[in-house]
Structures are given as structure tokens and as C-alpha cells.
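Numbering (the UniProt record's numbering), first residue to last: 1 to 631.
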């Protein structure tokens with residue numbers, strides 16, 4: 001996270017502004033807005049590239065619909081020949097739409113109707129886009145500056161207060177105008193308008209060999225008010241992934257868990273904030289539904305105060321109060337003492353969230369894994385204590401240089417139990433090392449590792465419960481220990497989504513939009529080709545240590561009756577023979593009555609002895625009853 005690097009920070013104390021003005025809290029309220037702008041030139045190389053861009057937006061729409069927030073999303077087509085009105089035509093009555101631009105969706109909060117309209121549009125866009133929108137004539141170049149003005153106007157007149165507004169321009173053209181044209185200079189001048197209004201502009205190339213040099217490098221640096229030499233060419237593939245995944249917030253501020261003061265020594269502290277490594281997704285709240293009409297049952301808590309008559313105990317007066325206006329009564333020394341809610345809360349919240357430095361240890365003293373609690377991440381913040389970023393940076397650099405970790409006492413929130421934590425300095429991965437865009441979530445800073453206490457430590461003797469016999473030799477066991485070490489990978493929790501939440505979101509999309517989403521789960525976590533290349537080197541040793549595996553012989557399938565197999569067993573005594581009492585009497589005399597089945601014994605008792613026993617009667621009781629009646 002480069003925002004707290006002293007190389008980029010402004011010396012606040014030397015500025016002309018007052019220190020009180022600088023220390024004022026920034027207004028973090030407002031909505032996030034994302035305006036998609038699709039270049040119609042994507043259709044010149046065939047509809048495949050245009051469909052890829054629209055599929056990215058479709059993924060952003062469907063995943064954004066599942067996010068429990070109020071972000072605004074819009075869609076504009078640039079460099080078009082025609083400008084058809086959007087579905088909600090009245091939304092752009094006070095907006096001037098220039099030529100060669102078409103507003104498909106003004107900035108709106110996503111809902112089911114908007115997503116269904118976009119999915120319906122995508123159903124025939126491959127054949128109808130050229131007819132309905134077309135391409136600007138003669139060279140497919142519309143006015144870039146007018147398109148930027150339209151985007152600014154859509155953002156300003158969306159009707160909501162915005163905190164973070166972004167324009168995502170999806171194109172495959174390196175420059176919107178020839179460098180020597182007047183339109184080229186007019187487009188560059190619009191970058192200052194974006195910088196003044198704090199609107200972010202991002203180019204999303206649909207080709208991997210995109211060249212930023214002709215136009216977009218200078219335009220982006222002007223819009224962000226940075227030096228042109230500080231511009232770093234992003235990976236187009238990573239940009240497309242970030243744009244599609246709206247379930248993952250890239251804004252660290254919105255994922256902040258809390259702010260607290262970090263006390264390093266006497267009269268020395270700094271302001272910091274800590275985060276999760278991943279955004280915590282909230283499941284839908286459980287509700288109760290009436291059986292007769294499926295309406296949601298809504299409950300409301302009401303606090304009523306009653307005044308009763310001392311003699312008759314009848315309610316004389318009753319009124320409702322707010323939760324903050326309540327109190328507690330207690331009898332102390334024969335007197336009634338009333339304590340308000342505000343005083344109770346002040347007693348409960350004696351200590352503010354804070355962290356206190358206890359000392360330093362070498363990094364080797366910290367175990368590799370700690371399972372007591374998930375780790376957090378810590379960044380500095382200059383909102384309440386000016387200079388926290390510089391002090392934080394100095395502590396971080398010294399810990400890295402000396403390979404030290406800081407041991408601290410941390411109370412994350414009010415009325416909580418303090419925990420011993422270790423602050424481990426970590427560095428952001430270098431550019432090109434990690435191909436996953438989710439690694440961008442964590443930069444330079446301190447990793448907060450919660451140290452286990454005595455109740456968290458367990459000593460387990462594996463021999464007590466895992467005593468399975470091992471037929472392999474010691475050499476074979478050592479060989480597979482090497483295999484297991486080769487198969488290890490660096491676990492990063494931000495690479496794994498909640499499988500239960502993924503399944504729930506897939507079901508919601510299937511029920512509401514009849515849309516099937518692929519859930520890869522943990523499949524993308526492992527690089528199977530790299531794992532195979534590691535194991536391939538050990539295969540010759542495996543063949544030397546272990547004998548060749550022989551597949552056990554399979555059992556022959558049973559023969560059918562046609563192939564000469566014996567038929568299934570049948571009753572030895574026929575039912576027709578049982579109808580004769582003489583035959584039954586002969587069976588009883590020769591003690592062969594036990595060869596009859598239960599059904600036959602029931603028939604004998606019914607026909608010859610007039611007794612009908614329950615069907616659940618066992619065979620032994622039936623035989624005993626027949627012997628009793630025949631004697």
C-alpha cells in the first residue's frame with residue numbers, strides 16, 4: 001500500500017493549511033459508482049472481442065447483484081453511429097448526450113429487473129448490435145472529450161452522494177484520435193476535469209499487447225496528478241479479472257475493522273487501523289414466515305413504563321420510552337437509586353481500543369503456523385495523529401532490516417479481553433511474481449498474529465490413536481516424506497472463497513434469473529503442472545524402492561441360468577400338498593414340519609386347525625402352536 005510511503009507523502013507541517021484542517025476527518029460517507037464505457041470499435045475485429053467485453057460486464061452485474069451494498073453501476077457505449085434511448089428514457093432528460101455515444105443504463109443501484117434487461121439484451125446483441133448501435137463514421141472515432149464530459153455529467157447527476165467514482169473504459173484501440181489532431185489535445189485537457197472532480201479513470205484493454213504510450217499514459221497521469229515517469233503499465237488480464245469480480249472490494253477503507261492508538265513508549269503513539277485479509281460476507285438474515293400467506297413476520301421491541309396504585313396495584317398510567325431513555329433501579333440502604341443507560345455504558349467502556357508495545361523478538365522464535373485465531377493486517381492512519389505514517393514506516397523498515405518481530409498487548413474493541421499479538425513485517429510481492437490479482441489486497445505493513453495461550457496448546461501423541469501397521473520400509477517412508485514436502489504450497493486465505501456462500505449465491509442466481517454459474521471452488525488454488533514437474537524427478541527412485549504394483553484379480557461374475565447356473569432356492573414342499581391333512585399329519589409325525597415356510601405354516605393353522613395368528617409371529621412360535629394342537 002503505497003499511500004503511507006514517505007516518498008509519496010506530503011509534509012503536512014510545512015503546508016500553508018492549518019494543522020487542525022489537516023487533522024479533520026475525511027467524509028467517508030457516500031456510495032461507490034462504477035461506470036462502464038464500451039468502445040464500439042471492439043466489433044471491427046469480429047463480434048468475439050465485443051462479446052468478451054459484454055461477458056465481463058455480465059459477470060460484474062450478476063456478482064454485484066449478490067453483494068449487500070448500495071453501489072451504483074452504469075453502462076455507456078462510445079463511438080457508435082446511433083444513439084438509442086435507454087430503457088428508462090426519462091433518466092437522461094437533463095443530460096446532454098453527444099453524438100456517437102449511447103447511454104444503455106444510467107447510474108442505478110443493481111436490482112433483478114436491471115440484470116434481466118441486460119441478459120435479454122445480450123441474447124441478441126451478437127446480431128443486433130451493428131444494426132442498433134453501429135460504428136461511428138468514417139473511421140470509427142467519436143469525440144473522446146465529449147464522451148468524458150458525458151461520463152462526468154452522469155456521475156454528477158446520479159442523485160446520490162458519491163465517495164468513490166470510477167470510469168472503466170473498455171477498448172482495444174491504442175489512441176482515440178491521431179496525435180496531430182485538435183481532438184487529441186481536447187481529449188488531454190479533459191484529464192484535468194477528472195482530477196479536479198476526483199473521478200478515477202481506468203483503461204481496460206481487451207488485448208494483451210496494448211500500447212499505453214500514444215495517449216493513455218499521459219491521460220491517466222494527468223487525471224491522477226502524478227509524474228509521468230511514475231506510471232506503471234498494468235497487466236491487462238489482471239485488470240479484466242478485477243473488473244469482473246465485484247464481490248471482492250479493492251477499497252481498503254471499506255474493509256477496515258477499526259482504528260486504535262499504538263503506544264510505542266512514554267508520550268509516543270501513532271494512529272493505526274487494522275483489516276481482514278478477506279471481506280467477510282454476511283449471510284441472509286433468518287426470517288419467520290406466516291403459514292397462511294407466506295408474509296414475513298416483523299417483530300418490534302417496545303419498552304413500556306407503568307405507574308401502579310400502591311393499594312390496588314392497578315395501572316394508573318402507561319407510556320412508551322426509547323431504549324436510550326431507560327434506567328436501572330436498585331435499593332441501596334433503604335433508598336431507591338436510579339442509574340441511567342449512559343452511566344452504565346460509561347462503566348462498561350472504561351478502556352478504548354489500543355495496542356501497547358512490550359518488546360522485540362527474533363523472527364525465528366515465531367512458529368511457522370498459529371491456529372488460535374485468523375490473522376489481521378495493520379496500516380497507519382494520519383487522521384487523529386499527524387505523522388503516524390512516517391513513524392510506522394520507520395518501525396516497519398527497522399524490523400525488516402534486523403529481522404525482528406514486535407510483541408504487543410492488543411485490545412481490539414471496547415469491553416474485550418486483551419490478547420498478546422506478534423507484529424510480523426511483511427512486504428508486498430514484487431511485480432510479476434504473483435499472477436493472481438487477489439494478492440493486490442496486501443501490501444507493505446504489519447501482519448497481526450494472535451499468540452496462543454495455555455488453553456490453546458494441545459500435546460497429541462499420534463501413536464496413541466494412529467497405530468495402523470506400516471508395511472513400507474524406512475527408506476520408503478523417507479521417500480514419501482519428500483513427496484509430501486514437494487506438494488506443499490503457500491496457503492493464502494484470500495484465494496479461497498466460502499464454499500457455502502458460493503453455493504448459496506449460485507442457487508439465488510438460478511432461482512431469480514434462471515442463470516447457471518460455475519463454482520470452481522478450490523480448483524484454481526493449485527498449479528497442477530508445477531506439482532507434476534516436481535514429482536516427475538522422483539519417479540525413478542520410486543520404481544527402485546517399491547515393486548511394481550500388480551492389480552488384484554477380479555472375481556468372476558456369477559453365471560446366469562441360461563449359462564447353466566443353478567436356479568435360486570425354492571420351497572421344498574408344495575402348497576397343494578399342504579391342503580391334505582394326511583400329508584400334514586405325516587410331516588408332523590416324521591418331524592419334517594420345520595421344512596415348511598412361514599407362509600405355509602400360517603396356511604396349515606388356518607385351514608386344518610382354525611387358528612389365525614398375526615403375520616409378525618415367528619416361525620418357532622408357529623411350530624410350537626402346531627405341535628400343541630396336533631398332540
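Glycine included, C-beta positions come from ideal geometry on N, C-alpha and C.
Just so it is clear, the structure is predicted and the values come from calculations on it, not from any experiment.
How would you label residue i, buried or exposed, when you count the other beta carbons within 10 angstroms and need 16 or more for buried?
i	result
residue 143	buried
residue 583	exposed
residue 167	buried
residue 291	exposed
residue 624	exposed
residue 343	exposed
residue 532	exposed
residue 330	exposed
residue 602	buried
residue 80	buried
residue 376	buried
residue 134	buried
residue 300	exposed
residue 619	exposed
residue 103	buried
residue 242	buried
Taking the straight line between their C-alpha atoms, what separation do you get for residue i and residue j?
i	j	result
residue 476	residue 361	39 Å
residue 580	residue 554	50 Å
residue 13	residue 353	Summary for residue 13: the model assigns pLDDT 32, below 50, so the residue's position carries little reliability, and this model does not support an answer.
residue 322	residue 415	24 Å
residue 35	residue 108	10 Å
residue 635	residue 260	Not covered by the structure: residue 635. The range shown for the chain is 1 to 631.
residue 611	residue 592	20 Å
residue 169	residue 85	20 Å
residue 403	residue 369	18 Å
residue 226	residue 203	17 Å
residue 387	residue 397	16 Å
residue 40	residue 365	59 Å
residue 82	residue 140	12 Å
residue 500	residue 63	16 Å
residue 357	residue 485	36 Å
residue 186	residue 145	6 Å
residue 536	residue 548	17 Å
residue 359	residue 264	9 Å
residue 159	residue 372	47 Å
residue 46	residue 258	50 Å
residue 638	residue 233	Any question about residue 638 goes unanswered here, given that the chain covers just 1 to 631.
residue 97	residue 192	21 Å
residue 33	residue 200	10 Å
residue 478	residue 367	24 Å
residue 54	residue 447	39 Å
residue 105	residue 427	41 Å
Determine the closest residue to residue i out of the options, with distance taken between C-alpha atoms.
i	options	result
residue 339	352, 325, 235 and 149	325
residue 138	92, 177 and 146	177
residue 208	261, 172, 109 and 307	172
residue 546	474, 554 and 484	474
residue 422	399, 443 and 449	449
residue 48	206, 596 and 614	206
residue 73	162, 130 and 96	162
residue 269	132, 102 and 389	389
residue 70	127, 164, 577 and 118	164
residue 543	599, 480 and 239	480
residue 179	587, 219 and 152	219
residue 453	630, 409, 445 and 314	409
Pick helix, strand or coil for residue i, following the three-state DSSP scheme.
i	result
residue 251	Below a pLDDT of 50, predicted positions are generally treated as unreliable, and residue 251, at 41, falls in that range; the measurement from the model is reported next regardless. Reduced to three states, the DSSP call for residue 251 is coil.
residue 474	helix
residue 171	strand
residue 369	coil
residue 315	strand
residue 118	helix
residue 381	coil
residue 482	helix
residue 39	strand
residue 141	coil
residue 259	strand
residue 322	coil
Throw me the rounded Cβ distance for the residue i and residue j pair, which I believe falls under 8 Å.
i	j	result
residue 175	residue 215	4 Å
residue 155	residue 195	With 8 Å as the limit, residue 155 and residue 195 do not qualify as a contact, their Cβ atoms being about 14 Å apart.
residue 482	residue 538	7 Å
residue 93	residue 271	Not a contact, Cβ separation roughly 47 Å.
residue 405	residue 420	At roughly 12 Å, the Cβ-Cβ gap does not stay under 8 Å, so residue 405 and residue 420 are not in contact.
Do we get a CB-CB distance below 8 Å when we pair residue i with the residues of chain C?
i	result
residue 335	The structure shown contains no chain C; it is built from a single protein chain.
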